[in-house]
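Comments concern the structure below.
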Amino acid sequence: MTLSILLVVSAALFCIGLLAALSRRHAIFILIGIEMMLAAANLNFIAFWRFAPQPQPPTGVMVAIFAIAIAAAEAAVGLAMVIAVYRHFRTTNVDQLDQLKG
Amino acid sequence: MSTVAFAAIAILTLAAALAAATLQKLMHAALCFAVMFVGISAFFFLFGAEFVGLVQIFVYIGAVAVLIVFTILLTRHDVGKVRGFNWSGVVIAVAVFAGLVWAISKTKLVSAPSPRIEPVTVQRIGELLMTNYVWPLQCVGVLLTAALIGALILVMEDKS
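Chain order of the listed sequences is A and B. One point on numbering: in my numbering, the residue at position 33 of the first sequence is 34, and numbering is uninterrupted. One point on numbering: in my numbering, the residue at position 125 of the second sequence is 128, and numbering is uninterrupted.
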């Protein structure tokens with residue numbers, strides 16, 4: 002098990018998140034994709050910290066904890082926005098939310 | 004750190020992520036999303052970052068997955084009607100993956116994890132949070148409060 006294999010796994014996770022965020026038409030799927038991308042970045046932080054020369058202050062761990070907190074805030078606001086948009090437009094299909102189109 | 008455990012967790016995580024990204028039924032996708040976070044927490048346990056793994060389980064499976072299920076139920080009227088799939092996203096995702104793998108293969112990296120010298124205990128993390136990281140901690144507290152109030156205001160019903 003090497004660092005490169007782990008980085009490839011986390012790159013694959015990131016790209017699956019990107020696929021979900023770009024391809025799906027449902028707003029909740031887009032949020033799920035963004036959460037996946039954030040998780041892949043967290044995985045990279047932990048991996049680089051673990052493979053770095055020890056002893057080492059746990060900087061990667063601290064960054065991952067803060068990233069999780071910020072991702073939770075993002076998810077809460079994002080899902081609230083989905084509910085607000087659904088109430089207003091009666092749809093969660095992002096293709097139909099084109100009111101700002103010129 | 005055994006290779007077998009690593010391979011099993013990697014396969015579980017990637018399969019669950021792929022299922023969450025491609026399944027048609029939103030509720031199944033949300034459950035696969037939770038399974039994917041179990042896999043990522045297992046990665047964190049494997050690398051000796053137990054506290055982050057626990058936080059991941061509490062926050063994502065305990066809170067975010069439940070929030071997603073709640074949102075699905077509240078917007079249920081629409082679920083099943085939104086079916087489109089944009090194939091250009093697949094092309095972009097594959098291209099980004101190819102670019103990342105190319106960059107990783109070109110980079111010279113350390114191959115073996117260093118032997119563990121100092122375990123990251125919760126006490127150590129708490130001490131760091133209260134000393135070196137006290138300002139980021141305060142900022143995250145303010146951010147979470149603002150997000151809480153903002154989410155409440157966004158979903159509040161109009162009385163008029």
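All C-beta atoms in this analysis are idealised placements derived from N, C-alpha and C, irrespective of residue type, glycine included. Treat the numbers as computed from the prediction; the structure is a model and nothing was measured.
Contact set for residue i: own chain, Cβ-Cβ below 6 Å, skip 5 residues either direction
{"i": "A/Trp50", "result": "Gly61"}
Opening and closing residue of the alpha helix (DSSP H) in which residue i lies
{"i": "B/Leu132", "result": "125-133"}
{"i": "A/Met82", "result": "60-90"}
{"i": "B/Met159", "result": "No alpha helix (DSSP H) holds B/Met159; DSSP gives it neither H nor E."}
{"i": "A/Ser5", "result": "4-24"}
{"i": "B/Asn89", "result": "Run containing B/Asn89: none; DSSP gives neither H nor E here."}
{"i": "B/Leu26", "result": "Unbroken run through B/Leu26: none, as it is neither H nor E."}
{"i": "B/Ile60", "result": "Looking at the DSSP string, B/Ile60 is not in any alpha helix (DSSP H), and its letter there is neither H nor E."}
{"i": "B/Phe50", "result": "Taken as a continuous stretch (DSSP letters only), B/Phe50 belongs to no alpha helix (DSSP H), as it is neither H nor E."}
{"i": "A/Gly34", "result": "28-52"}
{"i": "B/Leu76", "result": "68-77"}
Residue i, buried or exposed, once every other Cβ within 10 Å from all chains shown has been counted against 16
{"i": "B/Gly56", "result": "buried"}
{"i": "B/Ser44", "result": "buried"}
{"i": "A/Pro54", "result": "exposed"}
{"i": "A/Val10", "result": "buried"}
{"i": "B/Gln59", "result": "buried"}
{"i": "B/Gly144", "result": "exposed"}
{"i": "B/Ile156", "result": "exposed"}
{"i": "B/Val69", "result": "exposed"}
{"i": "B/Leu112", "result": "exposed"}
{"i": "A/Leu101", "result": "exposed"}
{"i": "B/Thr16", "result": "buried"}
{"i": "A/Leu80", "result": "buried"}
{"i": "B/Thr6", "result": "exposed"}
{"i": "B/Cys1", "result": "Look at the range of chain B in this structure, 4 to 163, and you will see that residue 1 of chain B is not part of it."}
{"i": "A/Asn43", "result": "buried"}
{"i": "B/Gly42", "result": "buried"}
Sequence-distant residues of the same chain with beta carbon closer than 8 Å to residue i, five excluded per side
{"i": "A/Gln20", "result": "Checking the displayed sequence, the identity of residue 20 of chain A turns out to be Leu instead of Gln. Gly34."}
{"i": "A/Arg25", "result": "Ile31, Gly34"}
{"i": "A/His27", "result": "Thr93, Asn94, Val95"}
{"i": "A/Gln97", "result": "Phe90"}
{"i": "A/Ala76", "result": "Leu32, Glu36"}
{"i": "A/Val64", "result": "Phe46"}
{"i": "A/Gln57", "result": "Trp50"}
{"i": "B/Ile71", "result": "Ala33, Phe36"}
Anticipated Cβ contact below 8 Å, residue i with residue j, distance rounded
{"i": "B/Ala52", "j": "B/Val123", "result": "6 Å"}
{"i": "A/Leu23", "j": "B/Asn89", "result": "6 Å"}
{"i": "B/Leu146", "j": "B/Leu140", "result": "B/Leu146 to B/Leu140, Cβ: 11 Å. No contact."}
{"i": "A/Val78", "j": "B/Ala33", "result": "About 18 Å; that fails the 8 Å criterion."}
{"i": "B/Ile12", "j": "B/Leu49", "result": "7 Å"}
{"i": "B/Val125", "j": "A/Ala73", "result": "Wrong, their Cβ atoms sit about 19 Å apart, outside the cutoff."}
{"i": "A/Ser5", "j": "B/Ile14", "result": "Between B/Ile14 and A/Ser5 the Cβ distance is about 18 Å, and since that is not below 8 Å, they are no contact."}
{"i": "A/Ile84", "j": "B/Leu77", "result": "6 Å"}
{"i": "A/Ala12", "j": "B/Leu103", "result": "4 Å"}
{"i": "B/Phe54", "j": "B/Ile128", "result": "6 Å"}
Cβ neighbours of residue i in the same chain (closer than 7 Å, five flanking residues each side left out)
{"i": "A/Met37", "result": "Leu14, Ile17, Gly18, Ala21"}
{"i": "A/Leu7", "result": "Ala48"}
{"i": "B/Ala8", "result": "Leu49"}
{"i": "B/Met39", "result": "Thr16, Ala19, Ala20, Ala23"}
{"i": "B/Ala37", "result": "Ile64, Ala68"}
Give the residues from the region 24-48 of chain A that approach chain B closer than 8 Å (Cβ to any Cβ), ordered along the chain.
Hits within the stretch, in order: Ser24, Arg25, Arg26, His27, Ile29, Phe30, Leu32, Ile33, Gly34, Glu36, Met37, Ala40, Asn43, Leu44, Ile47, Ala48.
Contact list for the region 69-101 of chain A against chain B, Cβ threshold 7 Å:
Ile69, Ala70, Ile71, Ala73, Ala74, Ala76, Ala77, Val78, Leu80, Ala81, Met82, Val83, Ile84, Ala85, Tyr87, Thr92, Thr93, Asn94, Asp96
Going along the region 126-140 of chain B in order, which residues come within less than 9 Å of chain A, judged by CB to CB distance?
Residues are counted here when their Cβ sits less than 9 Å from a Cβ of chain A; for the region 126-140 of chain B these are Arg127, Ile128, Leu131, Leu132, Asn135, Tyr136, Pro139, Leu140, given in chain order.
With 8 Å as the C-beta to C-beta threshold (strictly closer), list the residues of the region 88-101 of chain B near chain A in chain order.
Phe88, Asn89, Trp90, Ser91, Gly92, Val93, Ile95, Ala96, Val97, Val99, Phe100
Positions along the region 43-62 of chain B whose CB lies within less than 8 Å of some CB in chain A
Ile43, Phe46, Phe47, Phe50, Gly51, Ala52, Phe54, Val55, Val58, Gln59, Val62
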